[in-house]
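Asks:
Residue numbers (the numbering used here): 19 to 151.
(1) Thinking just about the alpha-carbon of each residue, which of 105, 111, 132 is nearest to the one in residue 29?
(2) If I measure Cβ to Cβ from residue 71 and keep anything under 6 Å in the same chain, skipping five residues before and after, which residues do I get?
(3) Ignore the nearest five residues each way along the sequence and tell me which others in residue 110's own chain have a CB closer than 8 Å to its CB.
(4) With a threshold of 7 Å on Cβ separation, who are the neighbours of residue 92 within its own chain once the five nearest residues in sequence on each side are excluded?
(5) Considering only their Cβ atoms, is the gap separating residue 95 from residue 52 smaller than 7 Å?
(6) Report the three-state DSSP secondary structure of residue 54 (helix, strand or coil).
(7) Assuming residue 46 contacts residue 97 (C-beta within less than 8 Å), just tell me the rounded distance between them.
(8) Count the other CB atoms, across all protein chains shown, that sit within 10 Å of the CB of residue 75; report buried if there are 16 or more and exposed otherwise.
(9) Can you tell me where the beta strand (DSSP E) with residue 107 in it begins and where it stops?
(10) Between the C-alpha atoms of residue 127 and residue 116, what's the straight-line distance to the nearest angstrom?
(11) So, for residue 62: in the same chain, excluding its five sequence neighbours on each side, which residues have a beta-carbon less than 7 Å away from its beta-carbon?
(12) List in chain order: all unbroken beta strand (DSSP E) runs of 3+ residues lying wholly within the segment 20-89.
Set out below in structure tokens:
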């Protein structure tokens with residue numbers, strides 16, 4: 019990526035993130051984080067990677083809400099960027115956070131395979147009195 023597209027991607031990420039937090043009133047758009055933005059070399063399209071908290075149904079509903087707000091968000095971007103073309107926004111669900119939690123869970127299970135057994139054993143322990151035979 020060129021420096022120009024990187025700067026545009028960062029500006030788009032900031033504008034879209036703030037607009038989602040403060041200006042979008044759509045009830046479908048909740049618990050959304052803009053993770054990153056990829057802008058094409060010709061500045062015609064921008065792929066906005068978002069993370070949505072919730073189950074699959076909530077994520078799909080949120081993506082539909084974001085797609086319906088794309089025109090409003092593009093007008094916000096037009097005020098910030100001084101370019102000939104304003105990128106068309108495509109919203110993509112980012113699975114990075116979900117994958118990170120899965121990997122963390124797998125690593126925890128591998129590093130502590132007997133964690134449940136050890137916890138049960140600790141609960142069953144009792145103190146020995148040195149004076150008892």
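Note that the Cβ used here is the ideal one computed from N, Cα and C, for glycine as well.
Being a predicted model, the structure only gives us computed values, none of them experimental.
Replies: So, from the listed chains and residues:
(1) 105
(2) 49
(3) 65, 66, 67, 68
(4) 104, 107
(5) no
(6) strand
(7) Their Cβ separation, rounded to whole angstroms, is 24 Å, which puts residue 46 and residue 97 out of contact at 8 Å.
(8) exposed
(9) 106-111
(10) 17 Å
(11) 103, 105, 106
(12) 50-57, 63-70
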